[in-house]
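Working notes, beginning with the structure itself.
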């Protein structure tokens, strides 16, 4: 194990910080994993209601948001490569694109939820309680909680990426000290990973 | 010297992975529209699993990282599948 670069800070350990990020990601996976188990059991118990309620969702918006997230995952992955190649300008540009894509995702989500609210569908709404079956109420409850929690992760991810962007611009995150950007990337891919499973389970019910 | 350095993934690899991920997304939409009944969920989830493996191994660099990270991720996946399996055993045979 030879050292390639000399750091002024002796406490910097890239592998350890990556391991720490992965441990955090595992807790996130199990958080969403628990919700996925709740979803699958309720869907197993109420298949018709889930199908009926699922037809209320717009698969086109779901598909557009899927592609937006996949592209943003690619741009932040490219940003890590650009940083390692010491191309600061490109790193900053790619991170800015990632943040813009995240914003577009949230705007789509805003309009998507807005349509649901216009139809009188939100957790605990009169329309939901009076006119819908137990299964449909469960579906929309899970829909708002799971996509809402996911959207919260998008917002947190954006903040982390903005911090990483500032640090790259300032020069405190660079090719020899990339952990903040790498971990921001890992977090962002986690958000993508969760959406990869949310999309078919909510938007592709036929 | 080099092996201690980080593996730099070329940009075009990421582009190929993105194209694969988008194709798989349309693949999952396609398989759901085939009306396979109960199997369409299974089909869509298989597509999602392939997509997640691509994201984990390339975007999240597991393919280029030290093996113990891969082992840990595999272990978490295994624990999660076991919990789903046992939960469904309970509900299915009630």
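Protein chains in written order, with this note's numbering: chain A, 102 to 307; chain B, -12 to 81.
C-beta: ideal position from N, C-alpha, C; glycine also.
Chain B contact for residue i (CB, 8 Å cutoff)
i, result
"residue 293 of chain A", "yes"
"residue 261 of chain A", "no"
"residue 208 of chain A", "no"
"residue 254 of chain A", "no"
"residue 266 of chain A", "no"
"residue 297 of chain A", "yes"
"residue 307 of chain A", "yes"
"residue 282 of chain A", "no"
"residue 214 of chain A", "no"
"residue 204 of chain A", "no"
"residue 329 of chain A", "Lying before the first or after the last residue shown, residue 329 of chain A is absent from chain A, which here runs from 102 to 307."
Below-8 Å beta-carbon distance, residue i vs any chain A residue
i, result
"residue 39 of chain B", "yes"
"residue 27 of chain B", "yes"
"residue 71 of chain B", "yes"
"residue 15 of chain B", "yes"
"residue 32 of chain B", "yes"
"residue 104 of chain B", "As shown, chain B starts at -12 and ends at 81. That puts residue 104 of chain B outside it, with no answer to give."
"residue 80 of chain B", "no"
"residue 56 of chain B", "yes"
"residue 35 of chain B", "yes"
8 Å Cβ cutoff met for residue i and residue j
i, j, result
"residue 101 of chain A", "residue 158 of chain A", "An answer regarding residue 101 of chain A cannot be provided, because it is not within the stretch 102 to 307 covered by chain A."
"residue 162 of chain A", "residue 209 of chain A", "yes"
"residue 280 of chain A", "residue 156 of chain A", "no"
"residue 151 of chain A", "residue 242 of chain A", "no"
"residue 1 of chain B", "residue 178 of chain A", "yes"
"residue 180 of chain A", "residue 282 of chain A", "yes"
"residue 206 of chain A", "residue 171 of chain A", "no"
"residue 192 of chain A", "residue 203 of chain A", "no"
"residue 63 of chain B", "residue 127 of chain A", "yes"
"residue 38 of chain B", "residue 6 of chain B", "no"
"residue 19 of chain B", "residue 131 of chain A", "no"
"residue 4 of chain B", "residue 46 of chain B", "yes"
"residue 43 of chain B", "residue 60 of chain B", "yes"
"residue 297 of chain A", "residue 35 of chain B", "yes"
"residue 258 of chain A", "residue 289 of chain A", "yes"
"residue 222 of chain A", "residue 251 of chain A", "no"
"residue 12 of chain B", "residue 168 of chain A", "yes"
"residue 78 of chain B", "residue 145 of chain A", "yes"
"residue 229 of chain A", "residue 147 of chain A", "no"
"residue 112 of chain A", "residue 22 of chain B", "no"
Per DSSP, cross-strand counterpart(s) of residue i
i, result
"residue 278 of chain A", "A/275"
Cβ-heavy atom distance, residue i to the ligand GTP, below 7 Å
i, result
"residue 186 of chain A", "Judged by which ligands are present, the structure shown has none, so any question about the ligand GTP falls away."
State whether the region 116 to 136 of chain A contacts the region 237 to 247 of chain A, with contact taken as three or more CB pairs (one from each stretch) at a distance under 8 Å. These segments touch.
Does the region 180 to 195 of chain A come close enough to the region 16 to 33 of chain B that 3 or more CB-CB pairs lie under 8 Å? No: the two stretches stay apart, fewer than three of their Cβ pairs being nearer than 8 Å.
Given a limit of 7 Å on CB to CB distance, which residues of the region 177 to 202 of chain A reach chain B? Residues 178, 179, 182, 185, 186.
Members of the region 155 to 180 of chain A near chain B, C-beta cut-off 8 Å: Here the close residues are 160, 164, 167, 168, 171, 172, 174, 175, 178, 179.
May I ask you to list, following chain order, the residues of the region 228 to 251 of chain A that have a beta carbon less than 8 Å from some beta carbon of chain B? Near chain B, meaning a CB-to-CB distance below 8 Å, no residue of the region 228 to 251 of chain A qualifies.
Positions along the region -6 to 12 of chain B whose CB lies within less than 8 Å of some CB in chain A: For the region -6 to 12 of chain B, which is checked against every Cβ of chain A, the residues closer than 8 Å are -5, -4, -3, -2, 1, 2, 4, 5, 8, 9, 12.
Take every Cβ of the region 195 to 208 of chain A, pair it with every Cβ of the region 259 to 273 of chain A, and state whether three or more of those distances are shorter than 8 Å. Under the 8 Å Cβ criterion, the region 195 to 208 of chain A counts as touching the region 259 to 273 of chain A, having at least three qualifying pairs.
Inter-stretch contact (C-beta, 8 Å, three-pair minimum) for the region 40 to 60 of chain B and the region 120 to 131 of chain A: Yes, the region 40 to 60 of chain B touches the region 120 to 131 of chain A.
Of all the residues that make up the region 125 to 153 of chain A, which are near chain B by a beta-carbon distance shorter than 9 Å? Within the region 125 to 153 of chain A, the residues whose Cβ lies closer than 9 Å to some Cβ of chain B are 126, 127, 130, 131, 134, 135, 137, 138, 141, 142, 144, 145, 146, 148, listed in chain order.
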